[in-house]
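A.B. asks: Below are the structure tokens for one structure; questions will follow.
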Amino acid sequence: MRDPLSHLPGYALRRAAHVIMVDLSTRLQAVDLKLSEASVLLLIDGRDDITSSEIGRILDIQRANMVPLLNRLDAQKLIQRRPLDRKSMAITLTEEGKKRLVRTKAITQAFETDLLARIPQEHRDHFVPALNALWMADSSTA
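Its first residue numbered 1244, the sequence shown is counted upward by one per residue in the working numbering.
Here you go:
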């Protein structure tokens, strides 16, 4: 039976997002990370000056959710907090965090490659810019 809603862009986007996020979440289980945790590790890679508020702003994570998220990463000894200035703490990767990040990058790169392979060749050059246009247009009005 054909899905009568599949012609609606919002519906199709929600369905696609669900399928691909389940796939990535399943893959990240191999490194014992949730999607949000992996995103934080990827974001802070190579940075020694990023704060939790900056991480939250970039990844659109509410402050109330950021503390437990960072606490989980800290409990796994993947991140550390260190003073950046008199009132800010930098979030950096530990040696264990750097090791886990190597595996996480391999998983996410394989995921991204597989994801793009699902997109017809003639649409690939426009796929990411089209997606970015959707969320960047929203963030510019906020």
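Beta carbons: idealized from backbone N, C-alpha and C, even for Gly.
What did DSSP end up calling Ala-1334 once you bin it into helix, strand or coil?
C.D. replies: Within the sequence shown, the letter at position 91 stands for residue 1334. At residue 1334 the sequence reads Ile, which differs from the Ala that was named. DSSP places Ile-1334 within a strand segment (E or B) once states are collapsed to three.
A.B. asks: For the putative contact between Val-1274 and Thr-1337, defined by C-beta atoms under 8 Å, what is the C-beta separation to the nearest angstrom?
C.D. replies: Along the sequence shown, read from residue 1 onward, the residue named residue 1274 stands at position 31. Along the sequence shown, read from residue 1 onward, the residue named residue 1337 stands at position 94. Contact between Val-1274 and Thr-1337 is ruled out by a C-beta separation of about 15 Å, above the 8 Å threshold.
A.B. asks: Quick check: Leu-1313 and Ser-1295, are their CB atoms within less than 8 Å of each other?
C.D. replies: Counting from one through the sequence shown, the residue named residue 1313 turns up at place 70. Counting from one through the sequence shown, the residue named residue 1295 turns up at place 52. Yes, Cβ-Cβ distance for Leu-1313 and Ser-1295 is below 8 Å.
A.B. asks: Helix, strand or coil, according to DSSP, for Ile-1322 in the structure here?
C.D. replies: For this step, residue 1322 is matched to residue 79 along the sequence shown. Correct three-state label for Ile-1322: strand.
A.B. asks: Whole angstroms is fine: what's the gap from Asp-1246's alpha carbon to Met-1264's?
C.D. replies: Translated into positions along the sequence shown, residue 1246 becomes position 3. Translated into positions along the sequence shown, residue 1264 becomes position 21. Rounded to the nearest angstrom, the two C-alpha atoms are 21 Å apart.
A.B. asks: From this set, Val-1283, Ser-1268 and Leu-1374, which residue's C-alpha is nearest Gly-1340's C-alpha?
C.D. replies: For the purposes of this step, residue 1340 is identified with residue 97 of the sequence shown, where counting begins at 1. Minimum Cα distance to Gly-1340 is reached at Val-1283.
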